[in-house]
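J.: Residue numbers (the numbering used here), protein chains in the order written: chain U, 1 to 309; chain P, 1001 to 1269; chain W, 2001 to 2294.
Please read through the structure below; I'll follow up with questions.
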Amino acid sequence: MDKIRASLLKKSVASKIERRGKIISLSCLALIILVVFLIFYFVASRGLATFFQNHINLWSFLSGIQWNPGTLGTNGQPAVGALPMIVGSFLITICSALLATPFAIGTAVFMTEISPRRGARILRPVTELLVGIPSVVYGFIGLQVVVPFVRNTFGGSGYGILSGTFVLFVMILPTVTSMSADALNAVPRYYREASLALGATRWQTIYKVVLRAAIPGMLTAVVFGMARAFGEALAVQMVIGNATLLPHNLVSPASTLTSILTMGIGNTVMGSLQNNALWSLAMILLLMSLFFNLVIRYIGRKGKLNNER
Amino acid sequence: MQNENMETTQRNIMHFDPKAHEIALSTEDLRVFYGQSEAISEGDLQFERYKISSLIGPSGSGKSTFLRSLNRMNDRIATVKGKIMYRGLDINSDEVDVYEMRRHIGMVFQRPNPFAKSIYENIAFALRQRGLNDKHKLDEIVETSLRQAAMWDQVKDDLNKSALALSGGQQQRLCIARAIAVKPDILLLDEPASALDPVSTSQVEDTLLELKQNYTIIIVTHNMQQASRISDYTAFFNLGKVLEYAETGDIFTNPKVDLTNDYISGNFG
Amino acid sequence: MNAKRADKLATGILYAVAALVVIILVALLGYILVQGVPEISWHFLTSPALAFEAGGGIGIQLFNSFYLLILALVISLPISLGAGIYLNEYASKNTITGLIRTTIEILSSLPSVVVGLFGYLFFVVQFKLGFSILSGAFALTVFNLPILTRSIEEALANIPDSQREAGYALGLSRWETVTKIVVPAALPSIITGVVLSAGRIFGEAAALIYTAGQSAPALDFSNWNPFDISSPLSPLRPAETLAVHIWKINSEGIMPDAKAVSAGASAVLIIAVLLFNFLARWLGKRLYKHLTAE
Ligand SMILES: Nc1ncnc2c1ncn2[C@@H]1O[C@H](COP(=O)(O)OP(=O)(O)OP(=O)(O)O)[C@@H](O)[C@H]1O
Ligand SMILES: [Mg+2]
């Protein structure tokens, strides 16, 4: 009797271990996927209740400017107009991105093209470190430094869109900078060499060749920063004033989706309209986060196509 | 033309008389595909027990692909068609346990690939994984394997050192020691000496000649001298086909196929 | 304007921008450290907080932060390891795998406040865990899973296939090869990833205010029975962390020395994050050396 032949026909210990291992690791992955679906399910089931149970009109929710869900608004309907928060969220996101982008890209160009040595030795570690600073710390500094500064310079209480913008600017700056630097570093060396060899100056090379080649990567960095700004809760909540009014100017107290959520969830009763309306805000946040994700994907795919051409 | 080629191919591939020779491993109509492209289109070889068979041929001719199919190293990379018979079983069939099969058909690779573990652990690890925990036994196997791979004297005092700190040649011999430690039946080697200096190469060759007493060895090599020095049989590969397979002496002195002649005399291409 | 002048000008502007950014970032760090470090003392680090009078510490919050961090890592590490292994070693390159990767990416880009709100709905309300260490640890796990999975997957992908082939050729299963050969070889970068994610967890607040809660009841540090509600180890007690504490005292504004306490606490947070950063680099290098040499 051939012993080896017999052993070949038996299920080995290894294949039993293999089966078990595969099942274990697949379950871990499945668990993570399940969590994502649970998040969407739970938030959506609460958030949609505003419209299906409390019969709030979707359009009046998105366009209404009065937010006081327990009471009736001037039109006799419950006052659940989310427009002030939506406007607030978009305003600080766009403003902080507009402010941060030139600084971030400038710094990234400096650390990859102008002075790579200093970039690698000082700027890179500092930015990477700052990416990790907790957002409450940004909020605290905003409260101590930015709000008084805005109050003294521009008047008003100091709380408002402008302060929120400054805080988010500093907060997303490191992220956008280091991602932009990655994008610039990914531009092949020979692009630069070819351009310089043709007699272009360094700035012409940077502007006409390097920046152009890195556009998709830098766009991704900016959108990433915007996603972070849009979703940031506590740092913004601490400096924006949290008044559910449409902002008249940049220095009057305003609010964002996240700030009203953090303030409100604990003070409302589960299942009430006040509570459901807050979950609808959370749902907007969730959808926006999906949207930013899609944009980043789209840019990524476009960038790949461009490079292949 | 096409027809003639087929015939010569058939004629020049040796088949053993099963009464006189014990066949350890054989392939029948082996074809291997990477996606759509065919890397092996004709492979019909028998390997005799306790002999060294070498596979030679130009770069890209499919030697590695062929060899890696013999213990299913290509499982998730390539599609394998045809039969590979070992102990009366087709190793690709569902009834054969692939992990058990690989314990009997071991492999040493072209680039040395020791684990990021100590020298001792590199050898003991797989054994322990299969339930051998007797320290005394393990020590013994580690020592004999390293001796067989001709490196015991060099490393016996450094067994707890990381294997990655060894030189390339030492790493490769460690890999051979690791492969024979699990006592395979057949040993497949893919250009095992290509990273070694002449001294280590001849040590590895001596090792293989010694191992021949207990192992069936199939070796891919680019080194003609090596093939003629150590192997009993030689197969010549070209463009995914085995063009000639015969006793090494015959193939090097009296090749039947012109291409084989060109290749071994260095006039190829 | 000729090209040379434009080049000079642009370079000058870039220098200025970079300098400004460095100044902002350094000023930020400097501000926290200058304001905060003088507040740090043994008393500050160990005594409980006082709500209505000055002179309180952050002892309980600090303990809670570490306890939650450890629990969150203990829960999320094995899950991420399993998921990372599946993605890198088993998953075939097809549409489903692509969708799974997208899903994980979506999870990692969710605002942490959304994760916190989900944690509130699911763990606090649905599973009736209340504001507790457990709810907080689970929320942090959700927050940490995608990032850790990603970094583990990357660490595994960096180990060359030749290591795997060596294992397969010895008759080891894929799982044995991965867990006993590939994971140990990838350990330096896995550890770096874990420690970096620990820094993020440590400073996270938005995911915690509605899960671990915003109160830090007094603890009896001589009682280590986890089933006793006053024990520091009790998983069912509410547990305000350091980051949540900073947010809380600043938005409430009843603590008279809220500014000083926040400054001190912020400095502690920053120093912890710095330490995690250095630790990650150091450990990674150290382990790598250990693997490749002696
Ligand atoms: N993983 C792979 N995927 C796709 N094609 C492959 C792969 N490995 C090898 N090939 C192709 O299969 C053919 C045979 O390659 P193989 O490595 O078997 O040749 P070889 O005879 O071992 O060459 P060498 O002497 O250079 O090692 C080549 O055309 C090669 O390009
Ligand atoms: Mg080869």
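Glycine included, C-beta positions come from ideal geometry on N, C-alpha and C.
Determine, using beta carbons only, whether Cys-202/U comes closer than 7 Å to chain W.
T.: The identity of residue 202/U in the sequence shown is Arg, whereas the question assumes Cys. True, the Cβ-Cβ gap to chain W drops below 7 Å.
J.: Kindly examine ligand 2 and report whether one of its heavy atoms sits closer than 6 Å to the Cβ of Ser-2112/W.
T.: Flag unset: Cβ of Ser-2112/W not near ligand 2.
J.: One question on the structure: do Gly-2056/W and Cys-28/U come within less than 7 Å of each other, judged by their Cβ atoms?
T.: No, they are not a contact pair.
J.: In angstroms, rounded to a whole number, what distance separates the CA positions of Glu-1007/P and Glu-1244/P?
T.: Residue placement at Glu-1007/P is poorly supported in this model, since its pLDDT is 46, which falls under 50; the coordinates still yield a value, given next. When rounded, the distance between both Cα atoms is 12 Å.
J.: Give the residues from the stretch 1023-1052 of chain P that approach chain U closer than 8 Å (Cβ to any Cβ), ordered along the chain.
T.: Within the stretch 1023-1052 of chain P, no residue qualifies.
J.: Return the residues of the stretch 2160-2179 of chain W that lie within a Cβ-Cβ distance of less than 7 Å from chain P, sorted by chain order.
T.: Of all residues in the stretch 2160-2179 of chain W, Ser-2162, Gln-2163, Glu-2165, Ala-2166, Tyr-2168, Ala-2169, Leu-2170, Gly-2171, Leu-2172, Ser-2173 and Glu-2176 have a Cβ within less than 7 Å of some Cβ in chain P.
J.: Could you check whether Leu-2117/W and Ala-277/U sit closer than 7 Å to each other, using their CB atoms as the reference points?
T.: In this structure, Leu-2117/W does not lie closer than 7 Å to Ala-277/U by Cβ.
J.: Need the endpoints of the alpha helix (DSSP H) that Lys-2008/W sits in, please.
T.: Start and end: 2003-2036.
J.: Tell me which residues of the stretch 230-244 of chain U have at least one Cβ-Cβ distance to chain W shorter than 8 Å, keeping chain order.
T.: Listed by position, the residues of the stretch 230-244 of chain U near chain W (Cβ gap below 8 Å) are Phe-230, Gly-231, Glu-232, Ala-233, Leu-234, Gln-237 and Met-238.
J.: I'd like to know whether the C-beta atoms of Gly-81/U and Trp-67/U end up nearer to each other than 7 Å.
T.: Result yes, Cβ atoms of Gly-81/U and Trp-67/U sit closer than 7 Å.
J.: Would Val-131/U and Leu-234/U be called neighbours here (beta carbons separated by less than 7 Å)?
T.: No, the pair does not count as a contact, with Cβ atoms beyond the cut-off.
J.: Measuring CB to CB, does Gly-47/U end up less than 7 Å from Ser-280/U?
T.: Contact flag set, yes.
J.: Please work out which residues of its chain come closer than 8 Å, Cβ to Cβ, to Gly-1082/P, disregarding the five sequence neighbours upstream and downstream, and give them in chain order.
T.: Excluding residues within five positions, the ones whose Cβ falls inside 8 Å are Thr-1027, Glu-1028, Asp-1029, Leu-1030, Arg-1031 and Gly-1043.
J.: Under 8 Å by Cβ, that's how I've got Ala-104/U and Val-176/U pegged, so tell me the actual separation to the nearest angstrom.
T.: Contact flag correct, Cβ pair sits at about 4 Å.
J.: Could you work out which residues of chain W lie near Ala-1193/P, taking near to mean beta carbons separated by less than 8 Å?
T.: The premise fails here: Ala-1193/P is roughly 17 Å from chain W at the closest Cβ pair, so nothing lies under 8 Å.
J.: Got a sec: which bits of the stretch 1096-1116 of chain P sit with their beta carbon under 7 Å from any beta carbon on chain U, in order along the chain?
T.: Within the stretch 1096-1116 of chain P, the residues whose Cβ lies closer than 7 Å to some Cβ of chain U are Val-1096, Asp-1097, Tyr-1099, Glu-1100, Met-1101 and His-1104, listed in chain order.
J.: Got a sec, what are the start and stop residues for the alpha helix (DSSP H) Arg-2077/W sits in?
T.: For the sequence presented, residue 2077/W should be read as Leu rather than Arg. Start and end: 2059-2085.
J.: At what residues does the beta strand (DSSP E) containing Ile-1217/P begin and finish?
T.: Looking at the DSSP string, the run of the beta strand (DSSP E) that includes Ile-1217/P is 1216-1220.
J.: Can a CB atom of chain U be found closer than 7 Å to the CB of Asp-1017/P?
T.: No, Asp-1017/P does not count as interfacial toward chain U.
J.: I'd like the list of long-range same chain contacts for Val-2273/W, defined as Cβ closer than 8 Å, with 5 residues on each side in sequence excluded.
T.: If we look at Val-2273/W and ignore the five residues flanking it on each side, its Cβ neighbours are Gly-2199, Phe-2202 and Gly-2203.
J.: Output needed for Ser-2215/W: all residues of its chain with C-beta closer than 7 Å, excluding positions within five of it in sequence on either side, in chain order.
T.: Excluding positions up to five away in sequence, the list reads Pro-2238 and Glu-2240.
J.: Checking the sheet assignment: what are the DSSP bridge partners for Ile-2246/W?
T.: Answer is none; Ile-2246/W lacks a bridge partner.
J.: Is the stretch 20-27 of chain U touching the stretch 2086-2102 of chain W, taking contact as three or more C-beta pairs under 8 Å?
T.: Flag = yes, the stretch 20-27 of chain U and the stretch 2086-2102 of chain W touch.
J.: The beta strand (DSSP E) spanning Met-1085/P covers which residue range?
T.: Here the beta strand (DSSP E) through Met-1085/P covers 1079-1086.
J.: Below 9 Å on C-beta distance, what does Ala-2185/W contact in chain P?
T.: Within chain P, the residues near Ala-2185/W are Phe-1115, Ala-1116 and Lys-1117.
J.: Is Lys-22/U close to chain B? Criterion is C-beta to C-beta, closer than 7 Å.
T.: Judged by its chain identifiers, the structure shown contains no chain B, and its protein chains are U, P and W.
J.: I'd like to know if Cys-28/U contacts chain W, where contact means its C-beta is closer than 7 Å to some C-beta of that chain.
T.: Cys-28/U counts as touching chain W.
J.: Mind checking who Gly-1106/P pairs with in its DSSP beta bridge?
T.: Its beta-bridge partners are Leu-1187/P.
J.: For Leu-1089/P, go through chain U and note every residue whose CB falls closer than 9 Å to its CB, in chain order.
T.: Arg-5, Leu-8 and Leu-9, listed in chain order.
J.: Say the cut is 6 Å; is the CB of Ser-1194/P nearer than that to a heavy atom of ligand 2?
T.: False, no ligand heavy atom lies under 6 Å from that Cβ.
J.: Return yes when at least one heavy atom of ligand 2 lies under 6 Å from the C-beta of Ser-1064/P, else no.
T.: Ser-1064/P Cβ: within cutoff of ligand 2.
J.: If you measure beta-carbon to beta-carbon, which residues of the stretch 1163-1192 of chain P are closer than 9 Å to chain U?
T.: Those residues of the stretch 1163-1192 of chain P that come within reach of chain U (Cβ to Cβ, closer than 9 Å) are Asp-1185.
J.: Within 10 angstroms of the Cβ of Lys-302/U, are there 16 or more other Cβ atoms? Answer buried if so, exposed if not.
T.: Lys-302/U comes out exposed.
J.: Quick check: is any heavy atom of ligand 1 less than 6 Å from the C-beta of Ser-1061/P?
T.: For ligand 1, at least one heavy atom lies less than 6 Å from the Cβ of Ser-1061/P.
J.: Just tell me which of Met-179/U, Leu-99/U and Asn-75/U has its CA closest to the CA of Phe-224/U.
T.: The shortest Cα separation from Phe-224/U among Met-179/U, Leu-99/U and Asn-75/U belongs to Met-179/U.
J.: Among Leu-123/U, Pro-174/U, Pro-116/U and Gln-274/U, which residue has its Cα nearest to the Cα of Leu-72/U?
T.: With distances taken between Cα atoms, Leu-72/U lies closest to Gln-274/U.
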